[in-house]
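Enquirer: My questions will all concern the structure given below.
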Amino acid sequence: MRLENKVAIVTGVSKGIGFATVKMLLNKGCKVAGWGRTAPDIADNNFYFYKTDVRDIEEVNLAYENTVKDLGEDIAILVNNAGLGYEGGIEDLDPKLWRQMFETNVDGIFYCSRLVIPKMKRNDEGHIINISSIAGNTGIPSMSAYCATKHAVTGLSHSMYKELRSFGIKVTCIYPGSVKTNFFDEIDSVEVNDSMMMPEDIASTIIHCLESQANYHHVDIEVRPLKPKK
Numbered sequence: 001m002r003l004e005n006k007v008a009i010v011t012g013v014s015k016g017i018g019f020a021t022v023k024m025l026l027n028k029g030c031k032v033a034g035w036g037r038t039a040p041d042i043a044d045n046n047f048y049f050y051k052t053d054v055r056d057i058e059e060v061n062l063a064y065e066n067t068v069k070d071l072g073e074d075i076a077i078l079v080n081n082a083g084l085g086y087e088g089g090i091e092d093l094d095p096k097l098w099r100q101m102f103e104t105n106v107d108g109i110f111y112c113s114r115l116v117i118p119k120m121k122r123n124d125e126g127h128i129i130n131i132s133s134i135a136g137n138t139g140i141p142s143m144s145a146y147c148a149t150k151h152a153v154t155g156l157s158h159s160m161y162k163e164l165r166s167f168g169i170k171v172t173c174i175y176p177g178s179v180k181t182n183f184f185d186e187i188d189s190v191e192v193n194d195s196m197m198m199p200e201d202i203a204s205t206i207i208h209c210l211e212s213q214a215n216y217h218h219v220d221i222e223v224r225p226l227k228p229k230k
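Residue numbers (the numbering used here): 1 to 230.
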């Protein structure tokens with residue numbers, strides 16, 4: 001896909017992977033709608049921020065309506081990046097945190113994707129990127145709830161790509177290992193360090209997928225730091 005003048009929606013844009021992805025899309029000439037709870041420090045005429053909590057379907061619907069009003073309905077790209085994780089044993093985790101993770105990491109993808117797909121189908125073009133985690137491919141002690149949400153993202157992404165591929169819509173699921181972001185603010189067992197990948201690394205992978213030729217489809221991409229801190 002040629003990215004110049006394409007309209008993209010990115011969720012979870014205040015920091016980290018979402019922020020880096022917005023910057024790279026803007027550099028490629030995209031018009032970008034950023035959906036998030038906190039506005040990022042981005043000053044660009046092609047960037048539009050809409051305060052949105054992806055757990056709330058009404059807020060998502062309103063963000064979509066305003067995006068279409070400002071940028072048009074030909075949305076070619078959706079990056080489902082918003083996500084969070086909490087640590088806790090299966091018998092100790094507060095059920096409210098379990099629900100918050102599922103509402104953000106899984107429900108949010110459904111709420112956002114369902115809105116852009118009809119027009120993508122009519123245009124015979126579109127690319128939906130779902131940001132998962134290596135937790136979507138394995139189990140991690142004291143992270144059972146987070147792993148459960150990311151396994152759900154895997155199943156959802158695989159079903160989406162099989163449903164949508166014949167309509168010219170690509171669905172790519174990316175599984176990062178540790179990335180140096182604020183994600184680990186709530187994870188006491190992990191210390192953020194320079195051996196982790198950087199948000200820009202993941203953003204560059206997203207751009208690589210988006211710019212692939214029309215009949216070339218990245219379905220699953222797992223990325224990890226080469227030399228993680230022991």
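Glycine included, C-beta positions come from ideal geometry on N, C-alpha and C.
Model, not experiment: these values are computed from the prediction.
In terms of alpha-carbon separation, which member of Lys229, Pro176, Thr21 and Val54 lies closest to Phe47?
Expert: Counting from 1 along the sequence shown, the entry for residue 47 is found at position 47. Nearest option by C-alpha distance: Thr21.
Enquirer: With H, G and I counted as helix, E and B as strand and the rest as coil, what does DSSP make of Gly177?
Expert: If you number the sequence shown from 1, residue 177 lands on position 177. Of the three classes helix, strand and coil, the one that applies to Gly177 here is coil, per DSSP.
Enquirer: What is the residue span of the alpha helix (DSSP H) that Glu65 lies within?
Expert: One-based indexing of the sequence shown puts residue 65 at position 65. Its alpha helix (DSSP H) spans residues Ile57 to Leu71.
Enquirer: Would you call Asn81 buried or exposed, if buried means 16 or more other Cβ atoms sit within 10 Å of its Cβ?
Expert: Here the question's residue 81 lines up with position 81 in the sequence shown. Asn81 should be labelled buried.
Enquirer: Closest to Pro199 by C-alpha separation, out of Ile131, Ile169 and His217, would be which residue?
Expert: Numbered from 1 along the sequence shown, position 199 holds the residue referred to as residue 199. When each option's Cα is compared against that of Pro199, the closest is Ile131.
Enquirer: Compute the distance between the beta-carbons of Glu87 and Arg55, then report whether it is under 9 angstroms.
Expert: Along the sequence shown, one-based indexing puts residue 87 at 87. Along the sequence shown, one-based indexing puts residue 55 at 55. No.
Enquirer: I'd like the span of the alpha helix (DSSP H) that includes Glu163, first residue to last.
Expert: Here residue 163 refers to the residue found at position 163 of the sequence shown. Segment Ser144 to Leu164, the alpha helix (DSSP H) holding Glu163.
Enquirer: With distance defined between alpha-carbon atoms, name the residue in Ser142, Val190, Ser14 and Ile134 nearest to Ala43.
Expert: Counting from one through the sequence shown, the residue named residue 43 turns up at place 43. Minimum Cα distance to Ala43 is reached at Ser14.
Enquirer: Measuring only from the beta carbon, is Tyr86 closer than 8 angstroms to any heavy atom that is part of the ligand NAP?
Expert: Absent from the structure shown: the ligand NAP. Ligands present: none.
Enquirer: Starting from Ala39 and walking both ways along the alpha helix (DSSP H), at which residues does that stretch end?
Expert: Translated into the one-based positions of the sequence shown, residue 39 becomes position 39. No alpha helix (DSSP H) contains Ala39, which DSSP labels as neither H nor E.
Enquirer: With a cut-off of 8 angstroms on the beta carbons, I'd call Ile221 and Val171 a contact; round off their distance for me.
Expert: If you number the sequence shown from 1, residue 221 lands on position 221. If you number the sequence shown from 1, residue 171 lands on position 171. Between Val171 and Ile221 the Cβ distance is about 12 angstroms, and since that is not below 8 angstroms, they are no contact.
Enquirer: Of all the options Ile117, Lys229 and Asn27, which has the alpha carbon lying nearest to the alpha carbon of Arg165?
Expert: Residue numbering aside, residue 165 sits at position 165 when the sequence shown is read from its first letter. Arg165 has its Cα closest to that of Ile117, out of Ile117, Lys229 and Asn27.
Enquirer: Check this for me: beta carbons of Ser195 and Pro228, under 9 angstroms apart or not?
Expert: Taking the sequence shown and counting its residues from 1, the one referred to as residue 195 is at position 195. Taking the sequence shown and counting its residues from 1, the one referred to as residue 228 is at position 228. In this structure, Pro228 lies closer than 9 angstroms to Ser195 by Cβ.
Enquirer: Just list the alpha helix (DSSP H) runs in the stretch 185-227, keeping only unbroken ones of 4 residues or longer that don't cross its boundaries, in chain order.
Expert: Counting only runs of 4 or more, we get 199-210.
Enquirer: Does the distance from the CB of Ile174 to the CB of Ile207 come in under 9 angstroms?
Expert: Position 174 of the sequence shown holds residue 174. Position 207 of the sequence shown holds residue 207. No, they are not a contact pair.
Enquirer: So the candidates are His151, Thr154 and Phe110; which of them puts its Cα closest to the Cα of Val60?
Expert: Here residue 60 is taken as the residue at index 60 of the sequence shown, counted from 1. It is Phe110.
Enquirer: State whether the stretch 4-13 contacts the stretch 67-86, with contact taken as three or more CB pairs (one from each stretch) at a distance under 8 angstroms.
Expert: Yes, the stretch 4-13 is in contact with the stretch 67-86.
Enquirer: Give the DSSP-derived three-state secondary structure of Ile140 in the structure shown.
Expert: The sequence position of residue 140 within the sequence shown is 140, counting from 1. Reduced to three states, the DSSP call for Ile140 is coil.
Enquirer: Determine the direct distance from the alpha carbon of Asn123 to that of Val190, and round the result to whole angstroms.
Expert: Numbered from its first residue, the sequence shown carries residue 190 at position 190. Numbered from its first residue, the sequence shown carries residue 123 at position 123. Rounded to whole angstroms, Val190 to Asn123 spans 44 angstroms at the Cα level.
Enquirer: Closer than 8 angstroms is the cut-off here; do at least three beta carbon pairs connect the stretch 93-102 with the stretch 142-151?
Expert: The stretch 93-102, when compared against the stretch 142-151, does touch it at the 8 angstroms Cβ threshold.
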